[in-house]
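Heads up, the sequence shown is in this note's numbering, so the first residue is 96 and it goes up one at a time. C-beta atoms are modelled at their ideal positions from N, C-alpha and C, and glycine is treated no differently. Since the structure is predicted, the reported quantities are computational estimates derived from the model, not experimental observations.
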Amino acid sequence: MEITKENRKWLDDMNLSHPIVIAGPCSAETEDQVMKTAHLLKNTDANVYRAGIWKPRTRPGGFEGVGEIGLPWLQRVKEETGMLVTTEVGNANHVELALKHGIDILWIGARTTVNPFVVQEIADALKGVDIPVLVKNPVNPDLPLWLGAVERFQAAGISQLGVIHRGFSTYNSLHYRNKPKWHLAIELQKEFPNLPLIIDPSHICGRRDTLLDVSQTALDLNYDGLMVETHIDPDNAWSDAKQQITPAQLAQMTVDLKIRLKSSSKEEFQRKLNMYRKELDLLDSNLIDLLKDRMGISEQIGRLKHNENVAILQSSRWADILASMTEAAAEKGLSKEFVEEIFKAIHVESINIQHNVKN
Ligand code: PEP
Ligand code: MN
């Protein structure tokens, strides 16, 4: 797949002075709720109004969206506020109805992206129409599956493209509703720098107090914009009540967010940046040397255990290493979670190496 500047024309042509802001309720509930939220958003930085018309609920019995009757409400939003409008489509019928009602941008939900059959059905329904399509990441952290969906739209003739990062489900996550796993989005940007990348902090956080922080991280990573669930009365929303904010809170959020420049040509900035980067390169290559030495010792231990027919995994020893390293990390002001992850990876590799020792 090749993604060029042509594929982000829909966004570049908007000539925005700030990252794009897509805002609006998780679900369209009533005409009154849709219109009141829209009129308040009109006075903020929001450029595109979002509202779910068909809602893919995890379990039946939840609110599954108002359906087709909500589409004229979005048309009214467009007429009365001048904002573009977007909604989620989950099958060919949704596509037909959305197009009939002049929806400007379509998005593909996380539960749809996981299913190539459905993605293909939607792409086929869009043949001959060049409307921007934004693909949310699949619920599971699978970059090829995410990109595969984008490719299906491109192959169907959709040239106006973008992706939305809404995080990945994990079992028992305390802090996030859907873990961001930033490295996946960074990898995607590295491979496709022209593909517009939008953060959806609402579904990542699942709560209000961390929205700003996650949005700031995204802007620091050069994301092109945000999609934030915004509701006139969040506490009483019919879906995703805990994560929605009011239009006034959204306005405050866009004031608080620091918008970063892509780069700076200032000589002093470039000089310092190069210096720090050289230092990092040196430290990184030292890290590789250290890891090489450490794995060399693991191999020796592996040989020793092999010769004495002793089991590789020594749980208590491993628990001691982890405890002392995380304690040392805390003393030095490093995050415990970060150091734990590194040592878990080192331990797995070290076991692999010991396992492969044969003689
Ligand atoms: C939504 O945007 O309201 C939604 C259902 O999102 P996701 O597909 O990311 O769960
Ligand atoms: Mn939602």
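Chain-order list of residues whose beta-carbon lies under 8 Å from that of R247 (same chain, five-residue window excluded): Position 152 of the sequence shown, counted from the first residue, corresponds to residue 247. So the list reads P211, V214, Q215, A218, once near-sequence residues are dropped.
Opposing strand residues paired with I117 [DSSP bridges]: Taking the sequence shown and counting its residues from 1, one reaches residue 117 at position 22. V143, M322, per the DSSP bridge assignment.
Any 3 or more C-beta pairs closer than 8 Å across the stretch 176-194 and the stretch 232-245: no
F263 - partner residues in DSSP beta bridges: Residue numbering aside, residue 263 sits at position 168 when the sequence shown is read from its first letter. Looking at the DSSP assignment, F263 forms a beta bridge with K274.
Contact belief for G257 with P296 at Cβ below 8 Å, rounded distance in angstroms: Position 162 of the sequence shown, counted from the first residue, corresponds to residue 257. Position 201 of the sequence shown, counted from the first residue, corresponds to residue 296. Wrong, their Cβ atoms sit about 16 Å apart, outside the cutoff.
Beta-carbon proximity of Q474 to I416, cut-off 9 Å: A query on residue 474 cannot be resolved here, the shown segment of the chain reaching from 96 to 454 and no further.
Residue environment, E374, which counts as buried when at least 16 other CB atoms sit within 10 Å: Here the question's residue 374 lines up with position 279 in the sequence shown. It counts as exposed.
DSSP beta-bridge partners of K222: The residue you call residue 222 lines up with position 127 of the sequence shown. K222 pairs with nothing; no bridge assigned.
Own chain partners of H401 with C-beta closer than 6 Å, once the 5 adjacent residues on each side are dropped: Numbered from 1 along the sequence shown, position 306 holds the residue referred to as residue 401. Contacts found: V452.
Sequence-ordered residues whose beta carbon comes within less than 5 Å of a heavy atom of ligand 1: C121, G147, G204, A205, K231, R261, H298
Own chain, CB closer than 8 Å to N235, minus 5 neighbours either side, in chain order: For the purposes of this step, residue 235 is identified with residue 140 of the sequence shown, where counting begins at 1. Counting only Cβ-Cβ distances below 8 Å, and skipping sequence neighbours, we find V209, F263, S264.
heavy atom of ligand 2 below 8 Å from S77 C-beta: Within the shown structure, residues of the chain are numbered from 96 to 454, placing residue 77 beyond reach of any answer.
Proximity of H270 and N232 at Cβ, strictly below 9 Å: For this step, residue 270 is matched to residue 175 along the sequence shown. For this step, residue 232 is matched to residue 137 along the sequence shown. The answer is no: Cβ separation not under 9 Å.
When S358, Q284, M420, I437 are compared against L238, the one with the closest alpha-carbon: Within the sequence shown, the letter at position 143 stands for residue 238. Of the listed residues, the one whose Cα sits closest to L238 is Q284.
Local Cβ density within 10 Å of Y318, reported as buried at 16 or more and exposed below that: Here residue 318 refers to the residue found at position 223 when the sequence shown is read from its first residue. By the 10 Å Cβ count, Y318 comes out buried.
Residues of its chain near R152, where Cβ-Cβ distance is below 8 Å and the 5 sequence neighbours each way are ignored: Within the sequence shown, numbered from 1, the residue matching residue 152 stands at position 57. The answer, listed in chain order, is F158, E159, S334.
Nearest residue (CA-CA) to I294, options E282, V309, G177, E286: The residue you call residue 294 lines up with position 199 of the sequence shown. Checked all of E282, V309, G177, E286; the closest Cα to I294 is V309.
First through last residue of the beta strand (DSSP E) which encompasses W168: If you number the sequence shown from 1, residue 168 lands on position 73. No beta strand (DSSP E) contains W168, which is instead part of the alpha helix (DSSP H) from 166-176.
Contact under 9 Å by Cβ, P120 with Q339: One-based indexing of the sequence shown puts residue 120 at position 25. One-based indexing of the sequence shown puts residue 339 at position 244. Yes. Within cutoff.
Neighbourhood of Q311 by C-beta distance below 7 Å, restricted to the same chain and skipping five residues each side: Looking up residue 311 in the sequence shown gives position 216. Same-chain partners within the cutoff: L352, K353.
Contact test: E124 Cβ vs ligand 2 heavy atom, cutoff 8 Å: Residue 124 sits at position 29 when you count from the first residue of the sequence shown. Between ligand 2 and E124, a heavy atom-to-CB distance of less than 8 Å is absent.
Proximal residues to E126 (C-beta, below 6 Å), its chain only, five neighbours per side dropped: Walking along the sequence shown from the start, residue 126 turns up at place 31. So the qualifying residues of the chain are W168.
Boundaries (first-last residue) of the alpha helix (DSSP H) holding L269: Against the sequence shown, residue 269 aligns to sequence position 174. Here L269 belongs to no alpha helix (DSSP H), and DSSP marks it neither H nor E.
Check: Q338 C-beta below 8 Å from any heavy atom of ligand 2: Taking the first residue of the sequence shown as 1, we reach residue 338 at position 243. Yes, since a heavy atom of ligand 2 falls inside the 8 Å radius drawn around the Cβ of Q338.
DSSP three-state assignment for G204, whether helix, strand or coil: As a first step, residue 204 is located in the sequence shown; it is residue number 109 there, counting from the start. Looking at G204 - three-state DSSP - the assignment turns out to be coil, as it is neither helix nor strand.
Check: E324 C-beta below 8 Å from any heavy atom of ligand 2: As a first step, residue 324 must be located in the sequence shown, where it is residue number 229. E324: yes, Cβ under 8 Å from ligand 2.
Contacting residues, own chain, Cβ-Cβ under 8 Å from D330 (five flanking each side not counted): Here residue 330 is taken as the residue at index 235 of the sequence shown, counted from 1. Once the five neighbours on either side are set aside, the close Cβ partners of D330 are A336.
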